[in-house]
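Using this note's numbering, the letters of the sequence shown correspond one by one to residues 456 to 720. Down below is the structure, laid out as structure tokens.
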Amino acid sequence: GYPLVTVIEEQQPNQTRIIKLNQQRFIADGSADDENLQWKIPITIFTKSNPKVIAKQILMDQPEITIILDNISENDWIKLNYNSIGLYRVKYESKTLACLSEPIANKKLSPQDRLMIQDDVAALCNADHQSFVDYLKLLLSYKDEDNFTVWKSIASTMGGLSSLIEYTGYYDLFNKYRLNFFSSIQEKLDWDEKENENPLVAMLRPMILSIMDLIDPNIRAAVYIIVSLYGDENTQEELRKLYKAAEMTEEKVRLLCSMGQSLKP
Numbered sequence: 456g457y458p459l460v461t462v463i464e465e466q467q468p469n470q471t472r473i474i475k476l477n478q479q480r481f482i483a484d485g486s487a488d489d490e491n492l493q494w495k496i497p498i499t500i501f502t503k504s505n506p507k508v509i510a511k512q513i514l515m516d517q518p519e520i521t522i523i524l525d526n527i528s529e530n531d532w533i534k535l536n537y538n539s540i541g542l543y544r545v546k547y548e549s550k551t552l553a554c555l556s557e558p559i560a561n562k563k564l565s566p567q568d569r570l571m572i573q574d575d576v577a578a579l580c581n582a583d584h585q586s587f588v589d590y591l592k593l594l595l596s597y598k599d600e601d602n603f604t605v606w607k608s609i610a611s612t613m614g615g616l617s618s619l620i621e622y623t624g625y626y627d628l629f630n631k632y633r634l635n636f637f638s639s640i641q642e643k644l645d646w647d648e649k650e651n652e653n654p655l656v657a658m659l660r661p662m663i664l665s666i667m668d669l670i671d672p673n674i675r676a677a678v679y680i681i682v683s684l685y686g687d688e689n690t691q692e693e694l695r696k697l698y699k700a701a702e703m704t705e706e707k708v709r710l711l712c713s714m715g716q717s718l719k720p
């Protein structure tokens with residue numbers, strides 16, 4: 456395990472904010488820390504008023520510390536771990552996460568920070584430290600994301616969540632959310648590779664198309680096999696890309712079986 460820093464904010468009337476930090480050991484499966492481990496954690500904080508400058512830097516060498524930020528308005532957001540260079544996860548309150556949606560959407564935060572905010576929330580949800588409602592609300596600020604690594608992380612989490620609730624009464628609602636969320640990036644990517652296209656965009660396309668499930672899953676295996684049977688080398692390459700991009704095991708199996716049906720050596 457490694458550290459989890461929990462953040463609690465209290466805005467004061469004189470443009471001062473009290474930030475209480477608590478550290479504990481983070482274990483991915485949600486189990487308790489019987490050893491009560493503690494770390495010396497390099498804490499950095501930056502804010503909306505100057506997102507390129509560290510406003511506060513301190514070594515957290517106790518289980519709990521309190522930090523006071525001056526000249527910060529009620530509407531200013533804060534974020535810990537500048538550029539996400541520190542090896543620790545951060546848990547924010549729901550209201551703090553909601554405030555971070557703006558700098559995520561308008562890309563005031565670096566790709567590293569955009570990646571790790573959602574990755575931390577996803578890990579906390581999987582460990583039962585946070586609600587998936589917080590994660591799904593947060594994701595709405597990523598609809599215009601343009602970084603491949605961020606999308607890959609989101610796709611992995613959404614694939615895992617899809618598998619968890621596939622056979623529950625919530626799957627149809629989740630599927631509508633998923634298709635709506637990925638629709639904007641799918642429209643931008645289109646189906647066909649463009650000349651002089653960024654290689655990362657070319658990697659992103661099959662991943663997003665696979666997630667969108669544009670072919671009915673009941674006939675998808677048959678469609679893949681037919682395409683593989685009568686396709687050429689380029690077809691096989693596209694199927695390989697889809698296979699590498701697929702997050703769900705069932706989809707990988709469909710694609711692997713179809714590639715084995717090719718009439719081309």
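Built from N, CA and C at the ideal position, the CB exists for glycine as well.
Looking at C-alpha atoms only, which residue of the options is the closest neighbour of residue i?
i, options, result
"Leu644", "Tyr632, Lys631, Ile663", "Ile663"
"Glu600", "Glu548, Ala582, Gln641", "Gln641"
"Tyr679", "Cys712, Ile474, Asn581, Thr502", "Cys712"
"Ser504", "Lys563, Pro654, Asp627", "Lys563"
"Glu693", "Met667, Ala657, Ala677", "Ala657"
What is the DSSP secondary structure of residue i, counted as helix, strand or coil?
i, result
"Pro497", "strand"
"Lys534", "strand"
"Met658", "helix"
"Leu591", "helix"
"Gln479", "strand"
"Ser611", "helix"
"Ser436", "This structure cannot settle anything about residue 436, because the visible part of the chain is limited to 456 through 720."
"Asn581", "helix"
"Ala553", "helix"
"Ala560", "helix"
"Leu718", "coil"
Can you tell me which residues form a DSSP beta bridge with residue i?
i, result
"Asn546", "Inspection of the sequence shows that residue 546 is occupied by Lys rather than by Asn. For Lys546, which the question treats as bridged, DSSP gives the partners Thr461."
"Arg709", "Paired residue(s): none; Arg709 is not in a bridge."
"Arg472", "Gln466, Leu524"
"Thr502", "Asn505, Ile533"
Can you tell me where the alpha helix (DSSP H) with residue i in it begins and where it stops?
i, result
"Ile540", "Per DSSP, Ile540 belongs to no alpha helix (DSSP H) and is neither H nor E."
"Lys696", "688-700"
"Ser639", "626-644"
Mind checking which residues open and close the beta strand (DSSP E) that includes residue i?
i, result
"Glu519", "519-525"
"Met515", "511-515"
Within 7 Å: the Cβ of residue i and any heavy atom of the ligand SAM?
i, result
"Ile540", "As for the ligand SAM, it is missing from this structure, which has no ligand bound."
**Prompt:** Do three or more CB pairs link the segment 496-507 to the segment 593-613 at distances below 8 Å?
**Reply:** Fewer than three beta-carbon pairs drawn from the segment 496-507 and the segment 593-613 are found closer than 8 Å, and the two stretches are therefore not classed as touching.
**Asked** How about the segment 535-547 and the segment 572-585: do they share at least three Cβ pairs that are nearer than 8 Å?
**Response** yes
**Item:** the segment 465-480 / the segment 521-534 touching (three or more Cβ pairs under 8 Å)
**Value:** These segments touch.
**Asked** Is the number of C-beta pairs between the segment 510-520 and the segment 474-493 that are closer than 8 Å three or more?
**Response** yes
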